[in-house]
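Undergrad: Provided herewith is a single structure, encoded as structure tokens, for subsequent inquiry.
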Amino acid sequence: MAEAAPVVLEGVGKTYQGADRPSLAGVSLAIAPGAFFSILGPSGCGKTTLLRIIAGFEMPTEGRVLIDGRDVTGLPPRARDIAMVFQDYALYPHMTAADNITFGLRNRRVPRREIAVRLEATAATLGITHLLGKRPDRLSGGERQRVALGRAIVRRPRVFLLDEPLSNLDLKLRETMRIELGRLHRELGVTMVFVTHDQAEAMTLSTTLAVLDGGRLQQAGPPDTVYARPANRFVARFIGSPSMNLLAMVAGPDGLAAAGAPAAAVLAAPAGLVPGPVEVGIRPHHLRPAGPGTRGLAVRVELVEHLGRSNFLVCTPVDAPGLLAAGRALVAEVAADVAPEPGSALVLDAAPRDMALFDPASGQAIAAVGAAGEGA
Amino acid sequence: MLYPVVALLALLVAVPVIHVVVASLYRRNLFQVRPPRWVGLENYYYLVTSAKFEVAILRSMSFTVTALAVELALGIALAVWVHRMRRLPGMGLLRTVLAMPILVAPVVAAVMWRFMFQPDFGILNHFITGLGLPPVGWLSSPSIALLAIVLIDVWQWTPLVFLTVLAGLHAIPPQYFEAAELDAAGPWKQTLHVALPQVRRVIVIVALLRLIDLLRAFEIIVATTQGGPGDASYTFPVMIWETAFVAFEIGDAAAASVVLLVLVSVIVTLLVRAIARQGVVGRGQG
Amino acid sequence: MSTQTDRMRFPGHAGGVSRREVLRRGAAFGAVAAAGGLLASPAVAQSRRIVVTTMPGPRWEGALRASAAAYMARTPGTEVEILVSPYAEHYQRIGTSLIEDSTAFDAHLFDPVLIGQSHPKLEPLTALFDSDPGWRDYYMNGVPYFYRGSWDWDGVPYSIVHDANCMMTWWRRDVFDALGLAEPASFETILANAEKLNAAKANAGFMTCAGRTQWFLGMTFTGMMHAYGGRWYEHDEMDAFGRIDPARGSGAVTLDAPAVVEAARMLKALSRIWNPASLNALEFENAEAFKNDISHQQVMWSGFMTLQNPAENPRFHDQLVSRDFPVGGASPDPARTGMKGGFGLAIPRASVNKEATFDFAKFVTSRENAETFIRAGGQPSNAELLNSWGEQPQYQVFRSIAQGVANGHHLAQFAEGPQLFQIITQHIGDLVTTDIAAEDACAAMKRDVETLFRRSGYL
Chain A
0 MAEAAPVVLE GVGKTYQGAD RPSLAGVSLA IAPGAFFSIL GPSGCGKTTL LRIIAGFEMP
60 TEGRVLIDGR DVTGLPPRAR DIAMVFQDYA LYPHMTAADN ITFGLRNRRV PRREIAVRLE
120 ATAATLGITH LLGKRPDRLS GGERQRVALG RAIVRRPRVF LLDEPLSNLD LKLRETMRIE
180 LGRLHRELGV TMVFVTHDQA EAMTLSTTLA VLDGGRLQQA GPPDTVYARP ANRFVARFIG
240 SPSMNLLAMV AGPDGLAAAG APAAAVLAAP AGLVPGPVEV GIRPHHLRPA GPGTRGLAVR
300 VELVEHLGRS NFLVCTPVDA PGLLAAGRAL VAEVAADVAP EPGSALVLDA APRDMALFDP
360 ASGQAIAAVG AAGEGA
Chain R
0 MLYPVVALLA LLVAVPVIHV VVASLYRRNL FQVRPPRWVG LENYYYLVTS AKFEVAILRS
60 MSFTVTALAV ELALGIALAV WVHRMRRLPG MGLLRTVLAM PILVAPVVAA VMWRFMFQPD
120 FGILNHFITG LGLPPVGWLS SPSIALLAIV LIDVWQWTPL VFLTVLAGLH AIPPQYFEAA
180 ELDAAGPWKQ TLHVALPQVR RVIVIVALLR LIDLLRAFEI IVATTQGGPG DASYTFPVMI
240 WETAFVAFEI GDAAAASVVL LVLVSVIVTL LVRAIARQGV VGRGQG
Chain E
0 MSTQTDRMRF PGHAGGVSRR EVLRRGAAFG AVAAAGGLLA SPAVAQSRRI VVTTMPGPRW
60 EGALRASAAA YMARTPGTEV EILVSPYAEH YQRIGTSLIE DSTAFDAHLF DPVLIGQSHP
120 KLEPLTALFD SDPGWRDYYM NGVPYFYRGS WDWDGVPYSI VHDANCMMTW WRRDVFDALG
180 LAEPASFETI LANAEKLNAA KANAGFMTCA GRTQWFLGMT FTGMMHAYGG RWYEHDEMDA
240 FGRIDPARGS GAVTLDAPAV VEAARMLKAL SRIWNPASLN ALEFENAEAF KNDISHQQVM
300 WSGFMTLQNP AENPRFHDQL VSRDFPVGGA SPDPARTGMK GGFGLAIPRA SVNKEATFDF
360 AKFVTSRENA ETFIRAGGQP SNAELLNSWG EQPQYQVFRS IAQGVANGHH LAQFAEGPQL
420 FQIITQHIGD LVTTDIAAED ACAAMKRDVE TLFRRSGYL
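Protein sequences appear in the order of chains A, R and E.
Residue numbering for the first sequence follows numbering that gives the first Met the number 0, starting at 0 and increasing by one per position.
Residue numbering for the second sequence follows numbering that gives the first Met the number 0, starting at 0 and increasing by one per position.
Residue numbering for the third sequence follows numbering that gives the first Met the number 0, starting at 0 and increasing by one per position.
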């Protein structure tokens, strides 16, 4: 296989003609060689545009794209040594699977014997040898997916782009293919850039995860860092399900108190936190029930969702109207055997090390916290 | 509610056909006040044994095949080109302009071209002689007349092929072209291996429509050469027209119409079957 | 069958009056008629209304409308309605109205080829003719027997023939004078002239309406064939008026006779040097060729009369001369000239206004109405009118018509006549567009006509 190449984006921006705001703005990224780099974001965040800019189907209106250190911004897709798997596969309907896979090799005048060898290897890797003679309309969704992957793999590109490749598959098949993709990435060792709106895919597959929103890069880093230390309020809410609880609090000498409430501090504050208003992010599974009378967030259990392995407690704070944004509830994930009656009172506690802290005004993470991981 | 509708439709199709078939069994002149005479299949016998029958079949075939080939080739080429250039400004306007000939009534188009073809003061020969070339007898030269009529038909109906194929091309998801781009397929290979296979069904349907239309075409021929010079453009439908409205022989014309109906039906049925066997019509694709 | 050829004529070129002019005049006549009706109505208890069908164009619609207006001004109490249909619909209207014995029409513009089939439905005019001996003698003496006879059946007239037309030769006097060319009085002269004219100016020598366009080619050839002394079939005689007596049959088809082959050779020779546009020219294009100094010698119908009108042909109207279609070669007989066509007014038996209609028809053909009729675009049938008006340069063509209709051959007036012309056109078309020999083309033509005649029981 060809050696993996790094991909670097420098201040990439894209404003479509006639659009009043950019689809992408100032995106700078360094994708390490051999990385499995996922681009995650809600619909319309610009993730597909970003992928298409890397592929060369779109020209950025500002910034540069470098692949293996070479500026490819002005190069056509075919000259970038990349391969791409499209969301709906885009297999040529009148060609057999074998012809689909080898079309690019034939166009590149690869010797016939080598084409045969590479086809065989690719088919074996993907387990589609028995499908090679069939046309796409005779293949199932998963089989088409593999053929589409085969078409990309057989080229031995240095960068491998995948545009929501699993979104057309049903749930079960998607899990199978997710594992398959991970295996392929390990075996091929190429740089993979993967666009998805499914965070489970992104979290499980990626070596690096980039979160995009409104055309701007929100955070890029290893999935666990992004998960544990979201760079801002958006990432905090977007990553994780149920999403991170964001609590409006005030840091004082005793710890954290709910904003707008006369009560005393209810949670211990991380060390070094500057006194004043702060937005505290706590993952549901980091909220632990404490015994009655102990210090903590006093809540009322509204609903218990049984997930088998654990329970979700959907709660509303007691005597702390300013704690949560309007319309939001506090969610705690607890062990399956913790199942309080709806309506019962509960006190929830969290350890300072499990807290993500945000500036309430800007929504950006407060970095000066002695916690593991790094911000964006 | 369905059956009465189907019956009505069948009736609407069948009644004129039956009428023509019955008329073909009589010897009848348009202006004969005396009653028509029953002659059985005699009209058919005289039709197929006449020298003009063979000529008409030959002319119809060469007219249809030539016009169909040119219209398809040109229409598809134009569609592919306009589709490739679709991002350029002004292509929408170009498409509208290219589509305009369809809107002209065939007879009007034919008369317009007849003026342009006029050998002594027509605009085409004006340019040709301006280039120092000898004038061309567009409609008066036996070897050129049919081609000149093909030219009119091509002018008028290539836009139909163009528009239909273009619509088909626009319906192809752009990823196919992007995939081909990554597969290092140049414009020619993208056209051949991506664009055309995906619009194959559209092409087949528009080709069938044109084929049927060409086999029946007579307005532009009647309005330009009426089958001449000599019998250079004497196609089957022109023969029918001449028999019915110049010679006023309604029985003979009806017999010829029945023969044309059968010929067109047979050709179209055979083609549709052959195509269906190829899997182009009927079955979906992935 | 001039009806067919005349269909190709654009109204603006047909009779010295533009279409707009016709419309304008029509409106004016309408106003006059309305005024006349208002004035007449108190005086006459019941106003009679007669309906006359016609085709459009100055020669038919124009001349009849003008005549009708003049007639109504002169004859209070009678309203003449001129009903115009497009060319093809005119024939359908005649056919269906006769079949249905419709009383909606009092006169049809009538083509002689329809007489054989339609005469049982038409009013025999002998008694009406005899009711006005003065007019009868004027008409019978003025309109040549060999012309008006086409509208007779078994000696009974079925139309008042008011319109005349024939094929003729046209040429440019100034060009002929400059080159010292002889008057084209024979095909041999036409051919010799054509070669000299071509030498002086490419494609100027000879032009005709041919190709397959309607029956022009068949008409041109048939005229030549008769001029050379040929016949379609054994019983094709002048006083048979182009008809076949079913009892007697056609006799042998003679389309391979030496005179016919000779005519075919001559046409082939002409086709070698004619303006190539001849192979697909419409009459108006031939007219344009004259007007634009492209062609200097043509064979055409009398519709070219418009070209002698200064308004229609400002450059060469006074240089354009016509004569009846010339004889030549094997037959020097001056009586055997080209084809003739034309129209009469026929009164359906079902008409309830026969006397009034006849009175109007008499007026149309009268001396009194001649100026109105001719100025509106009509071509009269009366030799007296044709010859006297023919002295004016603008109506020189009338003298040629007088000559042509008196001598010219009749159209094929049997039911299969159109098919006869179709067959002739087809084989003569072969002759002039391929390398086939004249003998072979004529032999093939003969075979096809024999088949047609056998089918029809004439052989």
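C-beta atoms are modelled at their ideal positions from N, C-alpha and C, and glycine is treated no differently.
#1: Where does residue 175/R fall in DSSP's three states?
#2: Put residue 455/E into one of helix, strand or coil per three-state DSSP.
#3: Residues in the same chain with beta-carbon distance under 6 Å from residue 445/E, minus the five sequence neighbours each way, listed in chain order, please.
#4: How about residue 208/E and residue 279/E: do their beta carbons lie closer than 7 Å?
#5: Taking the alpha carbon of residue 376/E as the point to measure from, which residue in 311/E, 122/E, 149/E, 82/E has its own alpha carbon closest?
#6: I'd like to know whether the C-beta atoms of residue 69/R and residue 153/R end up nearer to each other than 7 Å.
#7: Below 9 Å on C-beta distance, what does residue 286/R contact in chain A?
#8: Check the Cβ of residue 106/A against every Cβ in chain R and list those closer than 7 Å, keeping chain order.
#9: Please check if any C-beta of chain A sits within less than 7 Å of the C-beta of residue 117/R.
#10: Run through chain A and tell me which residues come within less than 8 Å of residue 175/R, C-beta to C-beta.
#11: So, are the CB atoms of residue 322/E and residue 399/E less than 7 Å apart?
#12: What residues in the stretch 32 to 63 of chain R have a beta carbon less than 9 Å from any beta carbon of chain E?
#13: Would residue 432/E pass as an interface residue toward chain R - the criterion being a Cβ-Cβ separation below 7 Å?
#14: Between the stretch 120 to 150 of chain E and chain R, which residues of the former have CB atoms less than 8 Å from a CB of the latter, in chain order?
#15: Can you grab the Cα-Cα spacing for the pair residue 166/E / residue 61/E, in whole Å?
#16: Compare the Cα-Cα distances from residue 265/E to each of 304/E, 189/E, 203/E and report the closest residue.
#17: Leaving aside the five residues before and after residue 188/R along the sequence, list all residues of the same chain whose C-beta is less than 8 Å from its C-beta, in chain order.
#18: Got a sec: which bits of the stretch 246 to 280 of chain E sit with their beta carbon under 9 Å from any beta carbon on chain R, in order along the chain?
#19: Is the Cβ of residue 224/R closer than 7 Å to any Cβ of chain E?
#20: For residue 124/R, count neighbouring C-beta atoms within 10 Å of its own C-beta (all shown protein chains included) and say buried if the count is 16 or more, exposed if not.
#21: Apart from the five residues on each side of it in sequence, which residues of its chain come closer than 8 Å, Cβ to Cβ, to residue 18/R?
#22: Hey, out of 139/E, 181/E, 53/E, whose CA is closest to residue 129/E's CA?
#23: In three-state DSSP terms, what is residue 393/E?
#24: Taking only three categories from DSSP, how would you classify residue 204/E?
#25: What is the C-beta distance between residue 304/E and residue 391/E, in whole angstroms, given that I count them as a contact (C-beta under 8 Å)?
#26: Give me the residue from 46/E, 57/E, 109/E, 58/E with the minimum Cα distance to residue 79/E.
#27: According to DSSP, is residue 135/E part of a helix, a strand, or is it coil?
#28: If you run the structure through DSSP and keep just helix, strand and coil, what is residue 255/A?
#29: Since I believe residue 258/E is in contact with residue 217/E (beta carbons under 8 Å), could you give me their beta-carbon distance rounded to a whole number of angstroms?
#30: With distances taken Cα to Cα, identify the nearest neighbour of residue 26/A among 241/A, 167/A, 45/A, 34/A.
#31: Just the chain R side, please: which residues come within less than 8 Å of residue 83/A by C-beta, in chain order?
#32: Between the stretch 65 to 74 of chain A and the stretch 215 to 234 of chain A, are three or more C-beta pairs nearer than 8 Å?
#33: Can at least three beta-carbon pairs, one atom from the stretch 83 to 91 of chain R and one from the stretch 220 to 231 of chain R, be found at a separation below 8 Å?
#34: Would you say residue 56/A lies against chain R (beta-carbon separation less than 7 Å)?
#35: Using the Cα positions of residue 154/E and residue 118/E, report the straight-line distance between them to the nearest angstrom.
#36: How is residue 270/E classed by DSSP in three states: helix, strand or coil?
TA: Taking the structure as given:
#1: helix
#2: helix
#3: 252, 254, 255
#4: no
#5: 311/E
#6: yes
#7: Beyond the ends of chain R as shown, which are 0 and 285, falls residue 286/R; an answer cannot be given.
#8: 182, 183, 184, 188
#9: no
#10: 89, 91
#11: yes
#12: 32, 33, 38, 41, 45, 48, 49, 50, 51, 54
#13: yes
#14: 120
#15: 22 Å
#16: 189/E
#17: 179
#18: 274, 275, 276, 277, 278, 279, 280
#19: yes
#20: buried
#21: none
#22: 139/E
#23: helix
#24: coil
#25: That belief does not hold up - the Cβ atoms of residue 304/E and residue 391/E are roughly 12 Å apart, past 8 Å.
#26: 46/E
#27: helix
#28: strand
#29: About 17 Å separates the two Cβ atoms, so there is no contact after all.
#30: 45/A
#31: 177, 178, 181
#32: no
#33: no
#34: yes
#35: 12 Å
#36: helix
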